[in-house]
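What follows is a short report on a single structure.
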Amino acid sequence: TLMLGYEMFRALASSSGAASADLRAALCDPGPGLIILDEAHRLKEPRSQLYNAVARVRTPRRILASGYPIQNRLDEYWALVNYARPNALGPYDRFRAYFERPIVDFLDGAAAAAAPTGTEPPSAADEMLALKRAFVLRDELKDVVLRRGADVLGADLPRRRDWIVECRLAPAQAALYKAFDAAAQATEHSGDEGGLPRGELAAYHTALAIVNHPDIVHAALCEEERLFPNGGPTSDGGGGGDVRPALGTP
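As numbered in our numbering, residues 83 to 332 make up the sequence shown, in order.
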């Protein structure tokens, strides 16, 4: 049994060199008797490097597991099914013409008709065609795609338990966090709208890096110095505040 993360497998399967060729052969050809992919929605893009790397594995059995809801992107649905059971739905062009186009056109038309500036709703014939194709699609995949909702899984899953553990920040972390917060507030009070070009999400990730470990922030600043020797986003407040003084970085 071999367990690998997606990024590690992609890196190993895509590496070059003589030694890497032996490694790729060991991982992919011949592959394992069974490959199980968790978080399988990451394979929704068949042109991605990850999809192509995993597709190199020669194996007679493939199981894809995902708790992520499959939304109205039937092209992504086709990609997952096509990996789990190659050619089960035929080539994508044929799938798109027979299944995706009538189903998606009806759904888009119904959504547009329900909008405040509604358009003409789809015809009854369009609705009937979409329902028929959706039924055929589900019937074709009844032995390929297994759907299990919370009503089924609830009896088998252990009861969820949450623990909240509060940890005191180390002195260096506390200094960084205070410097970050003070700089962000100063930028906000100054009315400088350009002070936070990357927004609250970037500020959140910066704060998260601080509370995880100061080395993460330091490594990010060193990489920024390498990429922007004349001053980058952090030096001018772009991530929510300049934390260099608290790190002792000029």
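Where a beta carbon is used, it is the ideal one built from N, C-alpha and C, also for glycine.
Euclidean distance between Cα positions of Gly322 and Ala261: The count along the sequence shown starts at 1 and reaches residue 322 at position 240. The count along the sequence shown starts at 1 and reaches residue 261 at position 179. Confidence at Gly322 is low in this model, with a pLDDT of 45, below 50, so the placement of that residue should be treated as unreliable; the coordinate-derived value is given next. Their Cα atoms are separated by approximately 10 angstroms.
Per-residue burial, Pro335 [other beta carbons within 10 Å of its own, 16 or more giving buried]: As shown, the chain starts at 83 and ends at 332. That puts residue 335 outside it, with no answer to give.
Three or more C-beta pairs below 8 angstroms linking the segment 140-148 and the segment 105-124: yes
Proximity test, Glu158 beta-carbon vs the ligand ADP heavy atom, cut-off 8 angstroms: As presented, the structure is devoid of all ligands, the ligand ADP included, so that no description of it is given.
Neighbourhood of Asp208 by C-beta, 8 angstroms cutoff - its chain only, sequence neighbours within 5 removed: Within the sequence shown, residue 208 is the residue found at index 126, counting from 1. These residues qualify, in order along the chain: Pro184, Asp187, Phe188 and Gly191.
As assigned by DSSP and simplified to three states, the class of Ile117: Numbered from 1 along the sequence shown, position 35 holds the residue referred to as residue 117. Correct three-state label for Ile117: strand.
Environment of Glu275 [buried if 16+ CB atoms lie within 10 Å]: Start at 1 with the first residue of the sequence shown, and residue 275 comes out as number 193. Confidence at Glu275 is low in this model, with a pLDDT of 48, below 50, so its placement is unreliable and no value can be given for it.
Start-to-end residues for the alpha helix (DSSP H) that takes in Ile185: In the sequence shown, residue 185 corresponds to position 103, counting from 1. Run containing Ile185: Arg183 to Ala196, per the alpha helix (DSSP H) assignment.
Strand pairing of Arg42, partner residues [DSSP]: One cannot answer for residue 42 here, as it falls past the ends of the chain, which runs 83 to 332.
Alpha-carbon spacing of Arg178 relative to Arg220, whole angstroms: Counting from 1 along the sequence shown, the entry for residue 178 is found at position 96. Counting from 1 along the sequence shown, the entry for residue 220 is found at position 138. Answer to the nearest angstrom: the Cα atoms are 15 angstroms apart.
Neighbour flag for Leu189 against chain D, beta carbons, 9 angstroms: The chain inventory of the structure shown lacks chain D, comprising one protein chain alone.
Straight-line gap, Ala107 to Pro128 (C-alpha atoms, nearest Å): Here residue 107 refers to the residue found at position 25 of the sequence shown. Here residue 128 refers to the residue found at position 46 of the sequence shown. So the alpha carbons of these two residues sit roughly 22 angstroms apart.
Val226 versus Phe217: straight-line alpha-carbon distance, rounded: By 1-based counting over the sequence shown, the position of residue 226 is 144. By 1-based counting over the sequence shown, the position of residue 217 is 135. Distance between Val226 and Phe217, taken at the CA atoms: about 15 angstroms.
Pair within 9 angstroms by beta-carbon distance, Arg92 and Leu125: Here residue 92 corresponds to residue number 10 of the sequence shown, with the count starting at 1. Here residue 125 corresponds to residue number 43 of the sequence shown, with the count starting at 1. No, the pair does not count as a contact, with Cβ atoms beyond the cut-off.
Inter-residue Cα distance where the pair is Leu278 and Ser205: Along the sequence shown, one-based indexing puts residue 278 at 196. Along the sequence shown, one-based indexing puts residue 205 at 123. Low local confidence applies: a pLDDT of 48 at Leu278 is under 50, so the model's placement there is unreliable, with the coordinate-based value given in what follows. Going by the C-alpha atoms only, they are around 48 angstroms apart.
Residues of its chain near Arg215, where Cβ-Cβ distance is below 8 angstroms and the 5 sequence neighbours each way are ignored: By 1-based counting over the sequence shown, the position of residue 215 is 133. Counting only Cβ-Cβ distances below 8 angstroms, and skipping sequence neighbours, we find Tyr180, Phe181, Pro184 and Ile185.
Nearest-angstrom Cα separation, counted from Pro198 out to Leu223: As a working mapping, residue 223 is identified with position 141 in the sequence shown. As a working mapping, residue 198 is identified with position 116 in the sequence shown. Each residue's alpha carbon lies about 37 angstroms from the other.
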